[in-house]
Amino acid sequence: MSPKYLFGKNIFTLVILLFPVLAYGQTTIQDSIWKHLQFFIGSWTGEGGGDPGEGNYERKYQFIFNNNFIEVKN
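Residue 104 in our numbering sits at position 58 of the sequence shown, and the numbers go up by one each step.
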């Protein structure tokens with residue numbers, strides 16, 4: 047076998063082995079839309095006060111409808 051054939055075969059094999067790794071690492075447009083808000087997803091609790099009095103609050107943020115929207119529950 048010629049050296050060019052072996053070199054081409056090695057390059058082809060390398061590309062085939064690396065393609066799944068590179069393809070898996072790509073973020074979708076949907077992922078990039080919410081990336082900066084990912085910190086807020088989950089449950090948050092706290093205490094507050096004002097003129098009417100003191101109180102506790104709980105707020106929940108979660109993805110809904112296939113990660114197209116963020117639902118907020120008080």
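All C-beta atoms in this analysis are idealised placements derived from N, C-alpha and C, irrespective of residue type, glycine included.
All values reported here derive from a predicted model rather than from experimental measurement.
Contact under 8 Å by Cβ, residue i with residue j
i, j, result
"residue 94", "residue 88", "no"
"residue 104", "residue 110", "no"
Sequence-distant residues of the same chain with beta carbon closer than 7 Å to residue i, five excluded per side
i, result
"residue 86", "107"
"residue 65", "none"
Rounded distance between the beta-carbons of residue j and residue i, thought under 8 Å
i, j, result
"residue 113", "residue 90", "With a Cβ gap of about 20 Å, residue 113 and residue 90 do not count as contacting."
6 Å CB neighbourhood of residue i in its chain, flanking five on each side removed
i, result
"residue 120", "105"
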